[in-house]
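Chemist: Numbering (the working numbering), first residue to last: 8 to 294.
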């Protein structure tokens, strides 16, 4: 229920690096938060083909290959950090290992290990994890680790999203525990929004708490919300939600992730994967 003050984002070089950094810095500025950027590097030995190791290459040659791989990794990291520093300066985000009470701040961390494991561990001491929408359209190990193992909400960001100021918010509601958690974490943003809409499916069984109960809950936090239904008989719930988000020009979607109750999975079970594959707006998710 508090404004997130500690953000975490893993970074790699798989496209739209500048835009992804700009988007993360925009979220940090919106929240007045500290952003930790994790640049994970694996062992240089993993750059060496397995066939080469199997052929029992001379130790000196293996060492040379490792040195070349390490040199390349360090060069890439240096370039990224220089670009990162320029973007911080442009967006007036303080580059510092320590947070600032007066402005948004950020810190670049060079770490060794698997990105998914590092996110699962470090996410436990963050308020919010920022994950870019995968280029493949399929949930990555890093995304699943953030959602399933960190215990914290995840903001799934379009890869080209460079701004963040959610004025129009859409809540996907099916009465699930996960959805309730997502709404609670979204309260500070909902309170700042100009409009909040609660989306329910016309085809779902009427489960409690319903949209009316959620409206009452939000009103006690000073948030006025209105309900809207979408039809998912001829399309998936994910398609219905994104169509409604487009009609409303929504800036943010709030939803539960990977609901496991069978009755809910029939309506919202595939929504998480649909958002990973298709969402063109930020999606705040909570398991």
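For each residue, glycine too, the CB sits at the ideal point set by N, CA and C.
If I measure Cβ to Cβ from residue 271 and keep anything under 6 Å in the same chain, skipping five residues before and after, which residues do I get?
Modeler: Unreliable placement is indicated for residue 271, whose pLDDT of 43 sits below 50; the coordinate value is still reported in the next sentence. So the list reads 181 and 183, once near-sequence residues are dropped.
Chemist: Taking only the alpha-carbon atoms, compute the straight-line gap between residue 269 and residue 127 and give it to the nearest angstrom.
Modeler: With a pLDDT of 44 at residue 269, under the threshold of 50, the predicted position of this residue should be treated as unreliable, though the coordinate-derived value follows. Near 26 Å, if we compare the C-alpha coordinates of residue 127 and residue 269.
Chemist: For a minimum of 4 consecutive residues, which ranges assigned as the alpha helix (DSSP H) are wholly contained in the region 155-211?
Modeler: The qualifying runs are 184-199.
Chemist: Assess, as a yes-or-no matter, whether the region 16-31 is touched by the region 84-91 under the definition of 3 or more beta carbon pairs within less than 8 Å.
Modeler: Touching, per the Cβ criterion.
Chemist: Leaving out five residues before and five after residue 36 in sequence, what residues of the same chain have Cβ atoms less than 7 Å from its Cβ?
Modeler: Correct list, in chain order: 98, 100 and 111.
Chemist: Which partner residues does residue 18 have in the DSSP bridge list?
Modeler: For residue 18, which the question treats as bridged, DSSP gives the partners 46.
Chemist: Looking at the secondary structure, which residues open and close the beta strand (DSSP E) in which residue 114 lies?
Modeler: Taken as a continuous stretch (DSSP letters only), the beta strand (DSSP E) holding residue 114 covers 112-119.
Chemist: Let me know the secondary structure DSSP gives residue 273 once reduced to three states.
Modeler: Caution applies to residue 273, whose pLDDT of 44 falls short of 50 and renders its modelled position unreliable; the model cannot decide the point.
Chemist: At the level of alpha carbons, what is the spacing between residue 149 and residue 122?
Modeler: Whole-angstrom Cα-Cα distance: 6 Å.
Chemist: Going by CA-CA distance only, name the one from 13, 186, 129 and 11 that's closest to residue 46.
Modeler: The option with the nearest alpha carbon to residue 46 is 129.
Chemist: Could you name the residues of the same chain whose beta carbon sits closer than 8 Å to that of residue 141, not counting the 5 residues immediately before and after it, in chain order?
Modeler: Cβ within range, chain order: 147, 150 and 283.
Chemist: Tell me the DSSP secondary structure of residue 101 in three-state form.
Modeler: Looking at residue 101 - three-state DSSP - the assignment turns out to be strand.
Chemist: Considering residue 301, what are the terminal residues of the beta strand (DSSP E) in which it resides?
Modeler: Residue 301 falls outside the range modelled here, since the chain spans only 8 to 294, and no answer is possible.
Chemist: By Cβ distance, which residues of its chain are closer than 8 Å to residue 20, with the 5 residues on each side in sequence left out?
Modeler: Contacts found: 83 and 87.
Chemist: Give me the Cα-Cα distance between residue 173 and residue 106, rounded to the nearest whole angstrom.
Modeler: Their Cα atoms are separated by approximately 24 Å.
Chemist: Is the region 159-169 touching the region 239-254, taking contact as three or more C-beta pairs under 8 Å?
Modeler: Output reads no: the region 239-254 does not touch the region 159-169.
Chemist: Residue 152 and residue 261 - do their beta-carbons sit closer together than 8 Å?
Modeler: Result no, Cβ atoms of residue 261 and residue 152 do not sit closer than 8 Å.
Chemist: Put residue 288 into one of helix, strand or coil per three-state DSSP.
Modeler: DSSP places residue 288 in coil when its eight states are reduced to three.
Chemist: Please go through the same chain and pick out, in chain order, the residues whose beta-carbon is closer than 7 Å to the beta-carbon of residue 30, but skip the five residues on each side of it.
Modeler: If we look at residue 30 and ignore the five residues flanking it on each side, its Cβ neighbours are 164, 168, 169 and 171.
Chemist: Please list the terminal residues of the continuous alpha helix (DSSP H) segment that includes residue 222.
Modeler: From DSSP, the alpha helix (DSSP H) with residue 222 extends over 218-226.
Chemist: Within this structure, are the beta carbons of residue 18 and residue 44 separated by less than 8 Å?
Modeler: Yes; because the gap between Cβ atoms is below 8 Å, this pair is in contact.
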